[in-house]
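Step one of this worksheet: look at the structure below.
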Amino acid sequence: MTAPADPARSRAGRSLLASPAARYWLLIAPALLLMGVFYFYPIGRVLWMSVTVPAAGFDNYALLASSASIQRMLWTTARISVLTTVLTLLLAYIVAYALVHSSAKAQRWMFLGVLVPLWISVLVRAFAWFVLLRREGLINAALMATGVTDSPLNLIWNETGVMIGMVHYMLPLGILPIFSNMRDIDQRCIAAARGLGASRFEAFRRVFLPLSLPGVVGAGILVFIFSLGFFVTPALLGGGKTLMIAEYIKVQILEVVRWGVASMLAAVLLIVIGVLLAMLSRLVNLRKLFGAG
Amino acid sequence: MIGSGFGNISIMTRSLAWAIICFLVLPITVVFAVSVTDRHYLSLPESGVSFQYYRNLFGSGPWLTSILQSFVIACASTAVAVVAGTLCAIGCWRLGSRASDLVRMLMLAPIMVPTIVYALGIYQFWIDLRLLDTYAGLIIAHAVTGIPYVVITVSTALAGFDPRLEQASLSLGASMGQTLRLVIIPNIMPGVVSGLIFAFIHSWDELVLALFIAGRAVFTLPRRMWDGINESLDPTMAAVAAVLIAVTVSLLCADAYVRSRRGS
Numbered sequence: 045m046t047a048p049a050d051p052a053r054s055r056a057g058r059s060l061l062a063s064p065a066a067r068y069w070l071l072i073a074p075a076l077l078l079m080g081v082f083y084f085y086p087i088g089r090v091l092w093m094s095v096t097v098p099a100a101g102f103d104n105y106a107l108l109a110s111s112a113s114i115q116r117m118l119w120t121t122a123r124i125s126v127l128t129t130v131l132t133l134l135l136a137y138i139v140a141y142a143l144v145h146s147s148a149k150a151q152r153w154m155f156l157g158v159l160v161p162l163w164i165s166v167l168v169r170a171f172a173w174f175v176l177l178r179r180e181g182l183i184n185a186a187l188m189a190t191g192v193t194d195s196p197l198n199l200i201w202n203e204t205g206v207m208i209g210m211v212h213y214m215l216p217l218g219i220l221p222i223f224s225n226m227r228d229i230d231q232r233c234i235a236a237a238r239g240l241g242a243s244r245f246e247a248f249r250r251v252f253l254p255l256s257l258p259g260v261v262g263a264g265i266l267v268f269i270f271s272l273g274f275f276v277t278p279a280l281l282g283g284g285k286t287l288m289i290a291e292y293i294k295v296q297i298l299e300v301v302r303w304g305v306a307s308m309l310a311a312v313l314l315i316v317i318g319v320l321l322a323m324l325s326r327l328v329n330l331r332k333l334f335g336a337g
Numbered sequence: 069m070i071g072s073g074f075g076n077i078s079i080m081t082r083s084l085a086w087a088i089i090c091f092l093v094l095p096i097t098v099v100f101a102v103s104v105t106d107r108h109y110l111s112l113p114e115s116g117v118s119f120q121y122y123r124n125l126f127g128s129g130p131w132l133t134s135i136l137q138s139f140v141i142a143c144a145s146t147a148v149a150v151v152a153g154t155l156c157a158i159g160c161w162r163l164g165s166r167a168s169d170l171v172r173m174l175m176l177a178p179i180m181v182p183t184i185v186y187a188l189g190i191y192q193f194w195i196d197l198r199l200l201d202t203y204a205g206l207i208i209a210h211a212v213t214g215i216p217y218v219v220i221t222v223s224t225a226l227a228g229f230d231p232r233l234e235q236a237s238l239s240l241g242a243s244m245g246q247t248l249r250l251v252i253i254p255n256i257m258p259g260v261v262s263g264l265i266f267a268f269i270h271s272w273d274e275l276v277l278a279l280f281i282a283g284r285a286v287f288t289l290p291r292r293m294w295d296g297i298n299e300s301l302d303p304t305m306a307a308v309a310a311v312l313i314a315v316t317v318s319l320l321c322a323d324a325y326v327r328s329r330r331g332s
């Protein structure tokens, strides 16, 4: 599956080694081999385990229909992921819109503000929110000092906290694809709409917005995929009370040692993400990522 | 050209956008303020600035051990990822066939598949191979998940490289190895360096795999931070976070510098 042509070609004999194609496959071989043995094989084992541990069959999958705690966790995961995606897209759209309509200099500064958080450790970012949001945290202290509230608000260890942290993490990942799509929109279309008598809002709603939708949908699928399997931020800001699938899997393995359930949930996650990726690849050309096309 | 329409968006949209960017940046800066607190708990400094927690950090055995371990693991896994990823990107670029396109797609898997799924598989695999809690185990896992970043940055650099230069080199009698070393690699160096930086940051920050396949002998920095946040409210954590931000920002500046040199 992973290497349809490679082994066949290298087996084809020394004479072929001289041919250019064979030599280029030799360059690809180390990475392909590493990935095949140490990445795809372990993932294949997870899928295999989901139907063989503890006993062969689909018993693990039957839990999806029968276990209330798994259903509750899946529902929490879906709800938080959807809300995070919607909020992220809304905020990302505003930033991307301002980015394409800014001078080169302002753009550079805005980009700095978008890219620096992207590369700062996710743990550090979750820790910063932890400091700000906890009961004795800076936000509650400020709110109480100014008399907005008398008692501290519950901002952490619930879905509010998880979502604040997640939106903060996902925003740069939402802004970049929307921006790259908006950049390709021909500004003359909007000028034409305005020239034909459309109001500013009308030109935005009927011309710019539809043209920018592919970027929004692409970014949405991407953010949703990352949200579904996100571990660090939900685990730290959810504090074990708001349980999403990644942390649930971790608990199954490292604390209660139920390999069957954990690998079944991992397989479900993998399948859902596979379907979403297939949708994404119909929508945007993933090869663009490599500078092609 | 891009900004041909700028100026005609409302002040409100513009300030909203800046407010969102502040939401991105400002919360992170709070760790700098907390890291110089003079109190014994996570708080802003009250009667003065104190660097006791930085002294704590750099004078403490466990933290320094973790920093060193993370550094060794990040360097080793980055080296593997950069070599394998660069060669792979060059091979795919030259072949340009359907099969090599498929290979590049497969290389994206570690970015798209949640780490927790992979962690489960590699945990089982390492139990069999007795690689749990070893440097080799973590280095291999970080290397294969770091390859995509190198493949992406090097492929992007190659897209702007004229394949005829390679043909010229080969037809003038250079061997494949010489062509790689003297013609291709120097031309795509900025892409390779970017890939190196991203693969390094990937390993340096990685927590989920470290939670599963390491934990006693090998205790990386993210792993220690994870325990630090979950178990104690020691402001030393804030000092660690501040140092990490400084390291990341300087790596990004290095990346920007390399890119700007390519531009000139």
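As given, the protein sequences belong to chains A and B, one line each in that order. The numbering used here applies: residue 45 is where the first sequence begins, and numbers increase by one. The numbering used here applies: residue 69 is where the second sequence begins, and numbers increase by one. All C-beta atoms, glycine included, are put in the ideal place defined by N, C-alpha and C. Since we're looking at a predicted model, the values are computed, not measured.
Residues of its chain near residue i, where Cβ-Cβ distance is below 6 Å and the 5 sequence neighbours each way are ignored
i	result
G73/B	Its pLDDT being 45, under 50, G73/B is placed unreliably in this model, and the coordinates cannot settle the point.
F252/A	I234
A237/A	A247 and V251
V117/B	V104
G304/A	V97, P98 and N104
I135/B	L289
Which of helix, strand or coil DSSP assigns to residue i
i	result
A285/B	coil
S134/B	helix
V95/A	helix
I79/B	helix
I96/B	helix
I229/A	coil
I200/A	coil
L301/B	coil
E234/B	helix
G116/B	coil
P338/A	Residue 338/A lies beyond the range of chain A shown here (45 to 337); nothing can be said about it.
G284/A	coil
D201/B	coil
D106/B	coil
F102/A	coil
T190/A	coil
F174/A	helix
V212/B	helix
I256/B	coil
Neighbourhood of residue i by C-beta distance below 7 Å, restricted to the same chain and skipping five residues each side
i	result
T132/A	V211, M214, L215, G218 and V267
A109/A	none
M45/A	Residue placement at M45/A is flagged as unreliable, the pLDDT there being 41, under the threshold of 50; the coordinate-derived value follows with that caveat. Cβ neighbours of M45/A beyond the five flanking positions: none.
E274/B	H210 and P290
Any non-hydrogen atom of the ligand ATP within 7 Å of residue i CB
i	result
T221/B	The ligand content of the structure shown is nil, which means the ligand ATP is not present either.
Contact set for residue i: own chain, Cβ-Cβ below 8 Å, skip 5 residues either direction
i	result
A242/A	R250 and V251
L250/B	S237 and A242
L320/A	I265, F268 and I269
A101/B	L112 and P113
V140/B	Y203
S271/A	I124, S125, T128, T129, M210 and M214
Next on the checklist: Against chain A, which members of the region 289 to 312 of chain B pass a CB distance test of less than 8 Å?
Outcome noted: P290, M293, W294, I297, N298, M305, A306, A309 and L312
Checklist entry - Are the region 247 to 261 of chain A and the region 195 to 212 of chain A in contact at 8 Å, needing three or more beta carbon pairs? => result no
Item to check | Residues in the region 134 to 162 of chain B having any Cβ partner in chain A nearer than 7 Å | outcome: A152, G153, L155, C156, I158, G159, C160 and R162
Checklist entry - Do the region 76 to 93 of chain A and the region 173 to 192 of chain A make contact, defined as three or more Cβ pairs closer than 8 Å? => result no
Item to check | the region 192 to 214 of chain B: positions lying closer than 8 Å to chain A by Cβ | outcome: Q192, F193, I208, A209, A211, V212 and T213
Checklist entry - Do the region 174 to 187 of chain B and the region 318 to 327 of chain B touch if we need at least three Cβ pairs shorter than 8 Å? => result no
Checklist entry - With contact counted as at least three CB pairs below 8 Å, one residue from each stretch, are the region 219 to 232 of chain A and the region 136 to 144 of chain A in contact? => result yes
Checklist entry - Is the region 285 to 292 of chain A in contact with the region 112 to 128 of chain A, if contact means three or more CB pairs nearer than 8 Å? => result yes
Checklist entry - Okay, do the region 159 to 167 of chain A and the region 108 to 116 of chain B touch, 3+ Cβ pairs below 8 Å being the bar? => result no
Item to check | Within 7 Å of chain B by C-beta, residues of the region 132 to 155 of chain A in sequence order | outcome: L135, I138, V139, Y141, A142, V144, H145, S146, S147, A148 and M154
Item to check | Three CB pairs or more closer than 8 Å across the region 282 to 301 of chain B and the region 249 to 264 of chain B | outcome: no
Item to check | Residues of the region 163 to 184 of chain A with Cβ closer than 7 Å to any Cβ of chain B, in chain order | outcome: W163, I164, S165, V166, L167, V168, R169, F171, A172, W173, F174, V175, L176 and L182
Checklist entry - Below 8 Å, can you find three or more Cβ-Cβ pairs linking the region 151 to 171 of chain B to the region 205 to 222 of chain B? => result yes
Checklist entry - Residues in the region 76 to 109 of chain A with C-beta within 8 Å of chain C's C-beta atoms, listed in sequence order? => result Absence of chain C from the displayed structure is noted, the protein chains being A and B.
Item to check | Inter-stretch contact (C-beta, 8 Å, three-pair minimum) for the region 225 to 234 of chain B and the region 303 to 313 of chain B | outcome: no
Checklist entry - Just checking, does the region 190 to 201 of chain B make contact with the region 99 to 109 of chain A on the three C-beta pairs under 8 Å criterion? => result no
Next on the checklist: To be precise: take each residue of the region 307 to 318 of chain A, compare its Cβ to all Cβ atoms of chain B, and keep it if any distance is under 7 Å. Which residues remain?
Outcome noted: S307, A310, L313, L314 and I317
Checklist entry - Does the count of Cβ pairs from the region 278 to 291 of chain B and the region 206 to 214 of chain B closer than 8 Å reach three? => result yes
Checklist entry - On the three-pair Cβ rule with 8 Å, is the region 307 to 316 of chain A touching the region 184 to 192 of chain B? => result yes
Checklist entry - Relative to chain A, which residues along the region 231 to 259 of chain B have a C-beta separation below 7 Å, given in chain order? => result M244
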